[in-house]
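K.L.:
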Amino acid sequence: MSSRDGGMTFLSRGFVGRRDARRDAGRLPPGQYDVGDGFPVLSAGPTPRTAPEDWDFTVTGEVDGPVRLTWQEFQELPREDVTVDIHCVTKWSKFGTTWSGVALDTLLGLVDTSAEHLLAYCDGGYTTNLALEDVADGRAWVVDRFDGRPLEPEHGGPARLLVPELYFWKSAKWVRGLYLSGTEEPGFWETLGYHLRGDPWLEQRYAGD
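Okay, so the sequence shown: first residue is 1 according to UniProt numbering, each after it adds one.
1. Between the alpha carbons of Val73 and Phe57, how many angstroms are there, rounded?
2. Scan the stretch 123 to 163 and note each continuous beta strand (DSSP E) run of 3 residues or more that stays entirely inside, going in chain order.
3. Distance, Cα to Cα, Phe168 vs Asn129?
4. Taking the straight line between their C-alpha atoms, what separation do you get for Gly36 and Asp64?
5. Can you confirm whether the stretch 184 to 202 touches the stretch 98 to 112 when touching is taken to mean that 3 or more C-beta pairs between the two stretches lie within less than 8 Å?
6. Which one of Val41, Pro66, Pro48, Glu116 has the shortest CA to CA distance from Val175?
7. Leaving aside the five residues before and after Trp201 along the sequence, list all residues of the same chain whose C-beta is less than 7 Å from its C-beta, in chain order.
8. Return helix, strand or coil for Leu28, following the three-state DSSP convention.
9. From the DSSP output, in three-state form, read off Phe95 for me.
10. Got a sec, what are the start and stop residues for the alpha helix (DSSP H) Thr106 sits in?
11. What's the gap between the Cα of Cys122 and the Cα of Val41?
12. Report buried or exposed for Ala172, applying the criterion of at least 16 other Cβ atoms within 10 angstroms of its Cβ.
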């Protein structure tokens, strides 16, 4: 889901809700429903289409030195396969999604920093804020494959964030870099009233939740 998942004006496909109490047990956050085999496509704007040869990824901000990776250099980093449940702020959840990419631990390990926050920025001008404690220690990835295939642009390809412990708008589509900082700066949806953190188990959908 987009960088813009959970937004105001949506385009959607495959939005078929289904509940199975046996499958949901212990895995479905409050207020959510199981979308089953569907994978809704939600965006607030047009889908960027960046060719891999034109893609790069940067880590900047309060670091000892900025890092820039080309697509090829990104592909050469250690990779992980991960299977996780994902939960959209618009109340759908999808169980057992399988992705492949590079752990944020690996990318953040390329720099020295004392920052406690980051701002992810993306093609199309989208940003979202995250605390480093929510993305470290095997909690987040930059992924470029879904179900064994290259990630489609509609789902954030060529690469997107994956932060499964938080609502899916935090898993920013079309990601291009991280800006590390000692202070928290709200991102796109956060400035429009969405929660700064977005924990689905606490129903942190909007500011004040």
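Glycine is no exception: its CB is placed at the ideal position from the N, C-alpha and C atoms.
P.N.:
With the given structure in hand:
1. The question names Val, but residue 73 in the sequence shown is Glu. Cα to Cα, the separation comes out at about 10 Å.
2. 127 to 131, 141 to 146, 160 to 162
3. If I take the Cα positions, the gap works out to 13 Å.
4. 45 Å
5. No: the two stretches stay apart, fewer than three of their Cβ pairs being nearer than 8 Å.
6. Pro48
7. Pro29
8. coil
9. strand
10. 104 to 108
11. 17 Å
12. buried
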